[in-house]
Each structure stands twice: as structure tokens, then as C-alpha cells.
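For reference, each letter of the sequence shown is one residue, going 40 to 448 in this note's numbering. Even glycine gets a Cβ: it sits at the ideal position worked out from N, Cα and C. Just below is one structure, and these are the notes that go with it.
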Amino acid sequence: MNEVIPRLHQYLQENHNQTGALVGSDPGVRFNYRLWRFLKSATRWYPWRDGRCFMQTQGYWVLANWRLAAAGHEAAAEIATVCCERIMSAQRADGAWVFPDPEWRDRVTTVEGLWASFALLETFRQTGESRWLEPVLRWDRFFKEQIGFQTYRDGLAVNYFAGRDDALVPNNSFSAIRYLARLDQATGRAENRATIDRLFNFLELTQQSSGEFPYELNNPRMQHFQCFQYHGFLLLDMLDYFEVSGDPRAVPIMQGLARFLVTGVTATGDVLYQCGVPHRHVNYHAAVTMAALQQFCLQCPANCDADLSQQIAGCVQRIERQLIGRQRADGSLPHSRGDYRVLSDQRAYPRYLAMMLLHFLLTRPAAARAASYTSRESLQSEQPAQTATEAERRVSTLSLTPHFAAMKS
């Protein structure tokens, strides 16, 4: 794995970093996801003008670079902070970030704002500079006033879009719990405790005996939609919350998620697209499953019995082996194969590659042990901060390659 991470980081830095933010093609939603992306994959020689700048992409990129900075790679901290400058510049006056895909034109999604906030909150945690917290507080007002929650029995479920009481989707509520806990950590107040408790009520009401959560409540057609990858993200969100809070309510939910996830890993190290779909495989689905299972064992060893621990070790090993084999010479990985049984998507998408970068880092034991983070004092003792323009001019030339040689798998 120690060669996979620097090659992937270098690919993203050299091919998708535009003045600090990762920009590039995306499988998207609706028609592009179902059809057009396969045409674009087959005609990769054509310069398709479909670059997108997702805040979710930037969030993963920032968190991955702070982990690299914690391992001693000085350039990574600057890459993270310059990216946060771009995140701030994209924020609207009302605190929101617009979803960049034209098929959801002008919509504001919960996930974009939450991932922009994860990046800014971590950068605030690393540096102690209040300028990174201020845009999160603007987002927080928009989040609570314009996106809001729906009541489900004695629980709360966060909405998917601003201005719409839509379907009840549990995965967004996991991310909301993680966000509210990180925000309380940053402000030093416990203002969101009651909301977190009611979000937990919703999750406890909807988790099934198998450990699975329905993608969407009361819609049998969407019961298992891309279930394994979503449950990987749910487990990572809950692990992050548990790291901050130590809340025992998280433990049975995480145990159920882990037990469900191992059922989706095949003997070859692929991860099922969803229950009952054995032919379709997406590389980032495998990476998030790998990272979530590994982190569960690392963070919660007392809650991972011997049988489950053994299953997880085998799953992680198989997934890691097949993903390493799929990395291309330029450092990227193709998106998917087995789509509609006979199609594949060979394009490299920065949103999902940034996710995979972080998930590879979470899977590597050395990276996990190095997650003590750089101290605020050492960062504040460095040279005075550059202007955003100066930093943006420098960031395209930054490289971690000389530092990666010191990393051990």
C-alpha cells in the first residue's frame, strides 16, 4: 500500500488541482449516471467539458492532506489550507454551497455543506484560526433554518435538500450527527446535544436486525440501493462521532453495520454493488468498506469479538489486494465495471479518488497510528500566512513525493 497512496496523491495533484481545489469529471446523477458517462468513458480521447468542483471532493482532499501532514509531510498542510480558501470563496452569502451538477441545477444539498464544514472544522482544529470557523457558523444557520429536519415518531431525520421535506434517508442523519458533534467540539459548547439525541432515536428505530439501514424509508424499491458502500460511509461517520463523544449509543449501531458489511465482500475482494447484484463493482465502494471495517477494529477492539475480527481481517486483506492490482500506471483507478453486466466506466473521477485516498490512509495501520496531528503551536510558529493568491500560485507546484519515501506500510 505504501506505493498506492503517493501515486494516487500525485495523480490528483497533477491532473485535478486547479488553483487549490480538485476539479474534474463526475459520474453525476440522473441521465449522466445512467447512460452518458459510458459514452464518455468509451471516448476518453475527446475533451469533454464536464469539470465539476464538489465541496464533498474538497472535504475528502483536505482531511486526507491533514493526515499526511500529521505523518510529517510539510507540503500537505499548505495544500489543505489553500483548498479551504477555495471552499470559503465558493460559499454563498446565506451560508450555503450550491450543488455543481447541472442536472440538479441550483439545488442545495445537505451533503455538500456538511463536507465543506468537515474540511473547515478540521483546519480550524489544526490551526486554531477563527477564520476557518466563521463560514461553518454561517452554514450552520442555513442548515438549521433552510434545510432542517423532519419528525419521525420521537426522532428527527435531516432533510436531503434545502426547502424540501422529501424522503427520509438515514445516511444524511449519520453525517449530521458527525457534523453537530464536531461543531460542538470546535465551539466548546454542547448546544446540539438534544438534536443529536433525537437523530439517534431515528436511527435506532430504523436499523434492521441484519444491521442494515434502508436507503429510503417506506420505499421498497430503494431498500438496498448501493447498500454496502453507503453502510461503509455510515460506519465511518459513526466512528468519527464516537471518537469525539464516546457515546455508548453508537456502539450497537456500529456493531450492526460491521456485521452487515462483511456479508458484502466476495472471495475475490470485490464488494457487492447492492444486495442481489453480484456482477457490478465500483472501486470506491470497495475502498470505503475496507476503511470502515479496519477502523472499527482499530477504534473499537473491545466491541469487535474474535469471530468478527477474523472476518474483518480477511475482508480487508482481500479488498486491499484487488484494489492495489487495479491502480493504473498514472496513479489513478478506473471507476467501475460490470455496469448493466457488459459496460464499464474507465474514467478517473476526482471526487471518488479523493475519497479513496482518505480511505487508503485510514486502512494503513501506520497512517492510523500517525493520526496524532501536528500541534497548533508548531503551525503558528511558521512563517506568516500567505495571501490566498500567493498560496494558489504555489500549490500547483507542491509535491509530497520526496516525503513519501519515509512512510512505512
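Under 8 Å by Cβ, that's how I've got residue i and residue j pegged, so tell me the actual separation to the nearest angstrom.
{"i": "T307", "j": "E359", "result": "Contact flag wrong, Cβ pair sits at about 12 Å."}
{"i": "R83", "j": "Q366", "result": "About 17 Å separates the two Cβ atoms, so there is no contact after all."}
{"i": "S214", "j": "L153", "result": "5 Å"}
{"i": "F299", "j": "H270", "result": "6 Å"}
{"i": "L207", "j": "L256", "result": "4 Å"}
{"i": "D279", "j": "Q361", "result": "Wrong, their Cβ atoms sit about 26 Å apart, outside the cutoff."}
{"i": "G303", "j": "T328", "result": "7 Å"}
{"i": "V137", "j": "S156", "result": "Actually they are not in contact, since the Cβ atoms of V137 and S156 sit about 15 Å apart, beyond 8 Å."}
{"i": "R192", "j": "F239", "result": "That pair is no contact at about 13 Å."}
{"i": "Q265", "j": "Y323", "result": "Incorrect: roughly 11 Å between the Cβ atoms, too far for contact."}
{"i": "F163", "j": "N210", "result": "With 8 Å as the limit, F163 and N210 do not qualify as a contact, their Cβ atoms being about 25 Å apart."}
{"i": "T149", "j": "Y199", "result": "6 Å"}
By a C-beta neighbour count over all protein chains shown, 10 Å radius and 16 as the cutoff for buried, is residue i buried or exposed?
{"i": "W68", "result": "The sequence given here has Val at residue 68, not Trp. Classification for V68: exposed."}
{"i": "G202", "result": "exposed"}
{"i": "V147", "result": "buried"}
{"i": "D276", "result": "buried"}
{"i": "R180", "result": "exposed"}
{"i": "L78", "result": "exposed"}
{"i": "G90", "result": "exposed"}
{"i": "A326", "result": "buried"}
{"i": "F96", "result": "First, the amino acid is wrong: residue 96 is Thr here, not Phe. Buried: at least 16 other Cβ atoms inside 10 Å."}
{"i": "L74", "result": "exposed"}
{"i": "Y50", "result": "buried"}
{"i": "R76", "result": "buried"}
{"i": "A220", "result": "buried"}
{"i": "V101", "result": "buried"}
{"i": "T190", "result": "exposed"}
{"i": "W171", "result": "buried"}
{"i": "R415", "result": "Reliability of the predicted coordinates at R415 is poor, the pLDDT of 32 falling under 50, and no value is obtained from them."}
{"i": "F188", "result": "buried"}
{"i": "F70", "result": "exposed"}
{"i": "S80", "result": "buried"}
{"i": "W178", "result": "buried"}
{"i": "Y85", "result": "exposed"}
{"i": "G134", "result": "buried"}
{"i": "D65", "result": "buried"}
{"i": "N258", "result": "exposed"}
{"i": "A114", "result": "buried"}
So, with DSSP's three-state summary, where would you put residue i?
{"i": "H320", "result": "strand"}
{"i": "L311", "result": "coil"}
{"i": "Q189", "result": "strand"}
{"i": "L219", "result": "helix"}
{"i": "R365", "result": "helix"}
{"i": "R91", "result": "strand"}
{"i": "S383", "result": "strand"}
{"i": "G180", "result": "Residue identity differs from the one stated: residue 180 is Arg in this sequence, not Gly. Helix at R180."}
{"i": "S375", "result": "strand"}
{"i": "A60", "result": "strand"}
{"i": "A196", "result": "strand"}
{"i": "V137", "result": "coil"}
{"i": "V304", "result": "strand"}
{"i": "T162", "result": "helix"}
{"i": "T497", "result": "Residue numbering for the chain in the displayed model covers 40 to 448; residue 497 lies beyond these limits and cannot be assessed."}
{"i": "A406", "result": "Annotation note: pLDDT 43 at A406 (below 50); position unreliable, coordinate value reported separately. In this structure, A406 counts as helix in the three-state DSSP scheme."}
{"i": "I44", "result": "helix"}
{"i": "S417", "result": "Only weak support is given to the placement of S417: the predicted model assigns it a pLDDT of 35, under 50, and the question is left unresolved by the model."}
Output needed for residue i: all residues of its chain with C-beta closer than 8 Å, excluding positions within five of it in sequence on either side, in chain order.
{"i": "V301", "result": "L332, L347, Q350, I351 and C354"}
{"i": "P373", "result": "N322, R365, R367, S383, D384, Q385, R386 and A387"}
{"i": "A297", "result": "G250, L274, A331, L332, F335, C343, L347 and I351"}
{"i": "A225", "result": "L160, F163, R164, L172 and V175"}
For residue i, which residues of its own chain have a beta-carbon under 6 Å away from its beta-carbon, when the five flanking residues on both sides are left out?
{"i": "Y99", "result": "A393, M394 and L397"}
{"i": "I44", "result": "F399"}
{"i": "R125", "result": "G59 and A60"}
{"i": "V321", "result": "S375"}
{"i": "R237", "result": "G194 and L195"}
{"i": "Q338", "result": "L278"}
{"i": "M127", "result": "P174"}
{"i": "R217", "result": "D276, D279 and Y280"}
{"i": "Y254", "result": "M261 and F264"}
Ignore the nearest five residues each way along the sequence and tell me which others in residue i's own chain have a CB closer than 7 Å to its CB.
{"i": "E42", "result": "none"}
{"i": "Q334", "result": "L275, L278 and L401"}
{"i": "E161", "result": "V101, L102 and W105"}
{"i": "Q246", "result": "F252, I292 and G295"}
{"i": "D223", "result": "A229, E230 and N231"}
{"i": "V283", "result": "A220, R221 and Q224"}
### Message
Between the segment 51-64 and the segment 117-125, can you find at least three pairs of beta-carbon atoms closer than 8 Å?
### Response
yes
### Query
Is the segment 287-302 close to the segment 315-326, with three or more CB pairs under 8 Å?
no
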